[in-house]
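Residue numbers (our numbering): 1358 to 1649.
Next up, the structure:
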């Protein structure tokens, strides 16, 4: 590392997530004596573990949400199917309610077994009107989440099943509707009738800002402890950068900045970053690299 212009040590805390397909890689740049390095490294590893635990618990709840949404009785009212707008579509009204209640679902799309849109929210999580009427003309039959949900290709653990989980990606639909970068996490699950037969698929797109806000909070904690040089990086299971949070390089601005030239493009594993290689291989701990 040569971007800081002074001799220092970089200690990296890292951890790989279990259920959620995210890997966390944290960097803390500091100046210290030789004897302090191991202690700070272990402390930072603990901070990384705590942060990924928070992320995982939050996203774990999203795994169950999409299945629960599908049990809403409004879905059995086929008179609402394909009707544009929440004024006349009871399912779209329910989707609006969920968006407002949870504050993170930018897009909730319900499609039939052919991929045709049955309903979609037309209000944002803040309750503001959004234009989603054009989605009723779209077909999602070729979407991987749709095909995986109907084929039962779920992200599973020994005790959980039933939801398709997509890693962080750019949703062109969200990008168009919200005029932002479109970074989301996807959760999809089959909807069944009273006899347990699949009749539709519910697809939720969660704003990635949910995760970014956790990183902002952790940085503020470091800053209060005098560690304003702290920098946090989140990578996916292949080593691609999802969050690169370096507030000191942005005049102390603690808000996560999205550099779309880096996010989902730069791969730390391919750059032979030792911490990134370790986390992708499922290891946890801390490393030291000389930074000048």
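Glycine is no exception: its CB is placed at the ideal position from the N, C-alpha and C atoms. Predicted model only: the values in this text are computed from it and were never measured.
To the nearest whole angstrom, what separates the beta carbons of residue i and residue j, a pair I think is in contact under 8 Å?
i, j, result
"residue 1527", "residue 1540", "6 Å"
"residue 1546", "residue 1424", "5 Å"
"residue 1619", "residue 1598", "6 Å"
"residue 1562", "residue 1464", "4 Å"
"residue 1602", "residue 1466", "Residue 1602 to residue 1466, Cβ: 30 Å. No contact."
"residue 1470", "residue 1557", "7 Å"
"residue 1544", "residue 1520", "6 Å"
"residue 1457", "residue 1484", "5 Å"
"residue 1626", "residue 1590", "So it is not a contact: roughly 12 Å between Cβ atoms."
"residue 1550", "residue 1433", "7 Å"
"residue 1503", "residue 1553", "No, residue 1503 and residue 1553 are not in contact; Cβ-Cβ is about 20 Å, not under 8 Å."
"residue 1525", "residue 1616", "So it is not a contact: roughly 14 Å between Cβ atoms."
State the DSSP-derived secondary structure class of residue i, mapped to helix, strand or coil.
i, result
"residue 1532", "helix"
"residue 1393", "Caution is warranted here: a pLDDT of 44 is assigned to residue 1393, below 50, making its placement in the model unreliable, and the coordinate value is therefore given only provisionally. Residue state, collapsed to three classes: helix."
"residue 1597", "strand"
"residue 1501", "helix"
"residue 1363", "Caution is warranted here: a pLDDT of 22 is assigned to residue 1363, below 50, making its placement in the model unreliable, and no coordinate value can be reported."
"residue 1440", "coil"
"residue 1591", "strand"
"residue 1606", "helix"
"residue 1445", "coil"
"residue 1615", "coil"
"residue 1540", "strand"
"residue 1450", "helix"
"residue 1580", "helix"
"residue 1368", "Residue placement at residue 1368 is flagged as unreliable, the pLDDT there being 35, under the threshold of 50; the coordinate-derived value follows with that caveat. DSSP places residue 1368 in strand when its eight states are reduced to three."
"residue 1419", "helix"
"residue 1407", "helix"
"residue 1545", "strand"
"residue 1480", "strand"
"residue 1387", "Per-residue confidence for residue 1387 stands at a pLDDT of 40, beneath the threshold of 50, marking its modelled position as unreliable; no derived number is given."
"residue 1430", "helix"
"residue 1627", "coil"
"residue 1491", "helix"
"residue 1378", "Note that residue 1378 scores 47 on pLDDT, short of 50, meaning its location in the model is unreliable and no value can be drawn from it."
Where do the ends of the beta strand (DSSP E) carrying residue i lie?
i, result
"residue 1562", "1555–1564"
"residue 1464", "1462–1469"
"residue 1523", "1521–1527"
"residue 1476", "1474–1477"
Measuring alpha carbon to alpha carbon, tell me which of the options ends up nearest residue i.
i, options, result
"residue 1664", "1475, 1590, 1572, 1614", "The chain is shown only over 1358 to 1649; residue 1664 falls outside these bounds and no answer can be derived."
"residue 1534", "1632, 1478, 1606, 1509", "1478"
"residue 1555", "1405, 1427, 1414, 1480", "1427"
"residue 1570", "1460, 1532, 1627, 1515", "1460"
"residue 1565", "1588, 1585, 1614", "1614"
"residue 1506", "1637, 1495, 1518", "1518"
"residue 1573", "1584, 1604, 1583, 1468", "1604"
"residue 1609", "1450, 1630, 1584, 1592", "1584"
"residue 1529", "1500, 1504, 1508, 1510", "1500"
"residue 1443", "1633, 1582, 1578, 1489", "1489"
"residue 1430", "1449, 1525, 1580, 1486", "1449"
"residue 1548", "1419, 1436, 1468", "1468"
"residue 1536", "1487, 1633, 1579, 1508", "1487"
"residue 1496", "1577, 1588, 1439", "1439"
"residue 1418", "1577, 1580, 1567, 1629", "1567"
"residue 1482", "1632, 1623, 1630, 1451", "1451"
Go to residue i, then tell me how far its alpha helix (DSSP H) extends in each direction, as first and last residue.
i, result
"residue 1634", "1631–1637"
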